[in-house]
Structures are given as structure tokens and as C-alpha cells.
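*Asks:* Okay, here's the structure, questions in a sec.
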Amino acid sequence: MIEEFADADGPGQHEAFQRWRADNPTGYVINCRTEAEGMLHLSPCGHYGDTDLGPEAWGNLTRHRKVCSTSQTALLDWARGRSMAIQMCSSCKPT
Ligand SMILES: [Zn+2]
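Sequential numbering of the sequence shown, starting at 626, is according to this note's numbering.
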């Protein structure tokens, strides 16, 4: 199952994304930097701070769309279906 969080989809997306991270500590997240380029992270990656981090610190985490799943394979399939190139985060090393 894949869930997407993006400011473009309406209010409350930052909070929903943080809730998903808290609920899925072993999940994976694609940060969509552009339509053609994304980076795969582990859900707890330090790039996103603690899951209780609010938007006041750095702004909404969902300014760039976040695509989340507990299945890395499902996320990579999702990206392949959109011809999105995926880099692995060198900080949390999802592979
Ligand atoms: Zn990361």
C-alpha cells in the first residue's frame, strides 16, 4: 500500500506525514524533488527530524511530495511506473 502526502493536496499534510512516520518506523519514504527525480529514505531518517517536529522548525516537510510505503519494492515500482530516477539517501542508507 502506498500513501502520498503533499501540500498541493490540501491542509494538514505535514501532520499526516509525521503521523505516518510515527506509525511506520520501519517504512520507506520517497522525497519527490521533481517529477523525474526522487530520493529514497527510511521512515526515521534524520533529514526529517523527530516525528513530533512541527512545521514551525523548517516549514512543512510536505512541500515536496512524500510517497510512503512499508514496502521498498512497492515504492521502487511506483517510481519506475513514472520514469522517476531514484537515489538512495546516503545518510539513512535504505538498502
Ligand atoms: Zn535519509
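Quick reminder that beta carbons are idealized off the backbone N, C-alpha and C, glycines included.
Please read all numbers here as calculations on a predicted model, not as lab measurements.
#1: What did DSSP end up calling Ala710 once you bin it into helix, strand or coil?
#2: Identify whether Gly671 lies in helix, strand or coil by the three-state DSSP scheme.
#3: Between His666 and ligand 1, is there a pair consisting of the residue's CB and a ligand heavy atom that are separated by less than 7 Å?
#4: To the nearest angstrom, how far is it from the Cα of Ala704 to the Cα of Asp677?
#5: By DSSP's criteria, Lys718 is part of a beta bridge. Which residues make up the other side?
#6: Are the beta-carbon atoms of Leu665 and Tyr673 separated by less than 8 Å?
#7: Check Glu681 in the structure and name its three-state DSSP category.
*Replies:* Straight from the coordinates:
#1: strand
#2: helix
#3: yes
#4: 28 Å
#5: DSSP lists no partner for Lys718.
#6: no
#7: helix
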